[in-house]
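Protein chains in written order, with my numbering: chain W, 1 to 347; chain A, 1001 to 1347. We put the beta carbon where it would ideally sit given N, CA and C, even for glycine. Scroll down for the structure; my scribbles are underneath it.
2 protein chains.
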Amino acid sequence: MTTRVITLKELAASLDLSITTVSRALAGHEQIALKTRERVAQAARQAGYVPNTAARTLVSGRSGFVGLVLPIRGPNLVDSFLGEFVTGLGEGLVSHGADLILATAAFGHSELSVLRHVVESGRADGVVVTRIAEVDERLAYLRERGFPFVAHGRLLDSDFGYNWLDTDGAHAFGEAFDMLYDLGHRHFGLVTISEPMTFRHLRQDGLAAAIARRGDPSVRLDVVTAPRFDHEARIQAVNRMLKGPDRPTAIVALFDELALTVMEEAARAGLDVPRDLSVIGFDNIAASAYAPPGLTTFDASIRQCARAIADMLLTVIADKPAAPLTRLIRPTLVARASHGPAPQTRS
Amino acid sequence: MTTRVITLKELAASLDLSITTVSRALAGHEQIALKTRERVAQAARQAGYVPNTAARTLVSGRSGFVGLVLPIRGPNLVDSFLGEFVTGLGEGLVSHGADLILATAAFGHSELSVLRHVVESGRADGVVVTRIAEVDERLAYLRERGFPFVAHGRLLDSDFGYNWLDTDGAHAFGEAFDMLYDLGHRHFGLVTISEPMTFRHLRQDGLAAAIARRGDPSVRLDVVTAPRFDHEARIQAVNRMLKGPDRPTAIVALFDELALTVMEEAARAGLDVPRDLSVIGFDNIAASAYAPPGLTTFDASIRQCARAIADMLLTVIADKPAAPLTRLIRPTLVARASHGPAPQTRS
DNA sequence: CGTAAAAATGCAAACGTTTTAAATTTCAGT
DNA sequence: ACTGAAATTTAAAACGTTTGCATTTTTACG
């Protein structure tokens, strides 16, 4: 069958009007007679006219797309958060008639090169950058280019302003500490990652700040570092903390996957959570509700954040605000059953 | 800063060549002198030239994009599979230099209208359609339009050929039955959904076929139907099956979320899985590994399927094959601890 | 009815590329 | 040096829009 797509020229011809008039009529220009506008709208609707994106983009310089570069991942690793994030972005964009373009970094190609391509080919009017690294060449590039973007996450030392939305991990980790301290815990463990992402510092610093704020010299904090994607190494790191002669009574993990590993290994070592050990995570992934006894964690509401990011980015694109847009979202505690009073006897 | 993007005209001028020659040289045409080709390639690389997508699309009629319409979802529901699916599509596309465009259906707008817009605006060269409904207007539209697409899933009665890739749910459910039958189970339960999707029939029919194949008249099958997204109603439906005077000894759920509900409600009713009740799901979502005692399920390897779908679609776009491309992927059993021998005594 | 202003419409250029057809240059053979 | 063919390069049109400017039509008013 292959029905052809109707063009503005054809629509104009069928209405016996010029292309210009039809274009303006559809755009709702006041200068076109109302009667004509209605006639054109009616005909366009009936003919199922849809303007060609490429042509429109070419002349207007605006594509109506927002770009997201998919981080490169190992063969069997998918971010639990990607689906939520993309859904949220979509929701935020659709109300403004924008769409999302997802560019994947091929193995071996850097995420930066894909980003450059997206930007410089004019495919997108703005981009979203996630997983901010300690030294992030993407932000440097976008800033130099003056290209609209919003970062999900922050740099540690921002010598330049940029638009970002971040989850307040520092606050959450402080909250976790306060709650555990009030439950009698004094010996804490933090499981963090070796990957050079800024959020590991923000969260750890939040924890340290809360400890300092409390001013109790009897509080101790052990830190153990695991590579992010190597499951075996992760287990070893967790066990280093769990199997030591003097283990913490409360462990805070940088994110839920790590916390779940802690709970699994604790169970394997015959420890009862939360009686012998309290565990708190971050992210509230689906599995956390199911892993016994139910992981206490923080919900970052990724979907809503993504939605907000989309809104911010569209504002940046449309209005080019002088001052950077920034938003810090406070995650909410999801209290399940993996935390409790500190055990009386130290092992 | 706002560095400008270089255009073909500028590049040509700097090389003292015509636009035509530079364009051809970059495309690698044999007719351009090798020396020139190299000179141009060098200059382009150095200037960081990236061809403008809109212009290229306009003249060539090919956008280099593949479209996916995000299904409309409830406020707090995100498909666990979306992240994997998108990752797989991205992987499959990137090797051919294609990108993914994600269009979201705004609330109130039908998925079909968004699809039409994507197709008719020329944003994409082909689309992926997921979640095939029993009566699916999207497939009808795409077929009438003669627009390249690949469906993830199948129609029940295809009076026309189309490209699809599907997970062989029928086979999996047959396999589940055989395994449970061999473990002594004779009274089965199936938890299905009321949403009019084709996969519910395919899976249920696979189960029924396996029962028929066995030819044992003592085998019984109870079926209970739950709405897909209403958690409360789902719990009620599951309990209808669990709390009856004569409950099945083995329950097969249409997908993992339902199976997890079965396990939760079974635990609440004081039943031990798998001693009192065997439960088998489908999808192998992350939570299934954590929900005690570990859900036995089937892994559909969504990511690889999506990758294959991308490959198929790119073939369809490039080669317009006469016969439809179809692939049936057999899911693999992930045997965890939620199934076991049938209990001796019937309750 | 004539005229000027206002309202409505149209012409043509532009966006950055690809491609057809034509023009120019190079080269081998005499 | 001349010719014709081969090799290389170029001019110009086209893709489907938007938009600055010009033109035509309508309206209001004397």
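{"Item": "Go ahead and pull the three-state DSSP assignment for alanine 133 of chain W.", "Value": "strand"}
{"Item": "Entirely within the stretch 161 to 237 of chain W and at least 4 residues each: give me those alpha helix (DSSP H) ranges in chain order.", "Value": "169 to 182, 198 to 214"}
{"Item": "Do glycine 1074 of chain A and phenylalanine 1229 of chain A count as a contact pair if the criterion is CB distance below 8 Å?", "Value": "yes"}
{"Item": "Would you give the residue range spanned by the beta strand (DSSP E) that arginine 307 of chain W belongs to?", "Value": "It is not in any beta strand (DSSP E) - arginine 307 of chain W instead sits in the alpha helix (DSSP H) that spans 302 to 319."}
{"Item": "Terminal residues of the continuous beta strand (DSSP E) containing threonine 1297 of chain A?", "Value": "1297 to 1299"}
{"Item": "Going by the CB atoms, is the gap between alanine 1322 of chain A and leucine 1165 of chain A shorter than 8 Å?", "Value": "no"}
{"Item": "Put arginine 240 of chain W into one of helix, strand or coil per three-state DSSP.", "Value": "helix"}
{"Item": "So what does DSSP say about threonine 1036 of chain A, is it helix, strand or coil?", "Value": "helix"}
{"Item": "What's the C-alpha gap between leucine 1034 of chain A and leucine 1026 of chain A?", "Value": "11 Å"}
{"Item": "What separation, rounded to the nearest whole angstrom, lies between the Cα atoms of phenylalanine 1188 of chain A and alanine 1300 of chain A?", "Value": "23 Å"}
{"Item": "Comparing C-alpha positions only, which one of A:Ile1235, A:Ile1280, A:Glu1257, A:His1231 sits nearest to threonine 1249 of chain A?", "Value": "A:Ile1280"}
{"Item": "Should the stretch 116 to 132 of chain W be regarded as contacting the stretch 1048 to 1066 of chain A, the criterion being three or more beta carbon pairs within less than 8 Å?", "Value": "yes"}
{"Item": "Can you give the Cα-Cα distance for glycine 1169 of chain A and glycine 1206 of chain A, rounded to whole angstroms?", "Value": "7 Å"}
{"Item": "Note the first and the last residue of the continuous beta strand (DSSP E) segment covering serine 1278 of chain A.", "Value": "1278 to 1280"}
{"Item": "Counting only beta-carbon separations shorter than 8 Å, does arginine 1327 of chain A have a partner in chain W?", "Value": "no"}
{"Item": "Report the residue ranges of all beta strand (DSSP E) runs contained in full by the stretch 1048 to 1082 of chain A; include only those spanning at least 3 residues, in chain order.", "Value": "1065 to 1070"}
{"Item": "Under 8 Å between the Cβ atoms of alanine 1287 of chain A and alanine 286 of chain W?", "Value": "yes"}
{"Item": "Could one say the Cβ of valine 86 of chain W lies closer than 8 Å to chain A's Cβ atoms, at least one of them?", "Value": "yes"}
{"Item": "Select from the stretch 97 to 110 of chain W all residues with a C-beta closer than 7 Å to any C-beta belonging to chain A, and list them in chain order.", "Value": "Asp99, Leu100, Ile101, Leu102, Ala103, Thr104, Ala106"}
{"Item": "Per the contact definition of three or more C-beta pairs closer than 8 Å, is the stretch 288 to 298 of chain W in contact with the stretch 123 to 139 of chain W?", "Value": "no"}
{"Item": "On the CB-based measure, 16 or more other CB atoms within 10 Å of its CB, does alanine 1337 of chain A come out buried or exposed?", "Value": "exposed"}
{"Item": "Per the contact definition of three or more C-beta pairs closer than 8 Å, is the stretch 217 to 232 of chain W in contact with the stretch 182 to 201 of chain W?", "Value": "yes"}
{"Item": "Check whether the Cβ of leucine 93 of chain W lies closer than 8 Å to any Cβ atom in chain A.", "Value": "yes"}
{"Item": "Taking all protein chains shown into account, do 16 or more other C-beta atoms lie within 10 angstroms of the C-beta of serine 1347 of chain A, making it buried, or fewer, making it exposed?", "Value": "Interpretation of serine 1347 of chain A is limited by its pLDDT of 43, a score under 50 that renders its predicted location unreliable; no figure is taken from the coordinates."}
{"Item": "Would you give the residue range spanned by the beta strand (DSSP E) that histidine 152 of chain W belongs to?", "Value": "149 to 152"}
{"Item": "For arginine 138 of chain W, name the three-state secondary structure that DSSP assigns.", "Value": "helix"}
{"Item": "Out of curiosity, what's the CA-to-CA distance linking arginine 39 of chain W and histidine 1117 of chain A?", "Value": "21 Å"}
{"Item": "Would proline 321 of chain W pass as an interface residue toward chain A - the criterion being a Cβ-Cβ separation below 8 Å?", "Value": "no"}
{"Item": "How many Å lie between glycine 48 of chain W and serine 23 of chain W at the Cα?", "Value": "15 Å"}
{"Item": "Checking contacts by CB at 8 Å: is glycine 1083 of chain A closer than that to chain W?", "Value": "yes"}
{"Item": "Between the stretch 207 to 221 of chain W and the stretch 238 to 245 of chain W, can you find at least three pairs of beta-carbon atoms closer than 8 Å?", "Value": "no"}
{"Item": "So, is the C-beta of asparagine 52 of chain W closer than 8 Å to a C-beta in chain A?", "Value": "yes"}
{"Item": "How far does the alpha helix (DSSP H) with arginine 116 of chain W in it extend, from its first residue to its last?", "Value": "111 to 120"}
{"Item": "Quick one: Cα of glutamate 10 of chain W to Cα of arginine 327 of chain W, how far?", "Value": "48 Å"}
{"Item": "Contact defined as beta carbons within less than 8 Å: I believe threonine 1297 of chain A pairs with aspartate 1256 of chain A. What is the distance between those atoms, to the nearest angstrom?", "Value": "6 Å"}
{"Item": "Note the first and the last residue of the continuous beta strand (DSSP E) segment covering threonine 1007 of chain A.", "Value": "Neither: threonine 1007 of chain A is in no beta strand (DSSP E) and is coded neither H nor E."}
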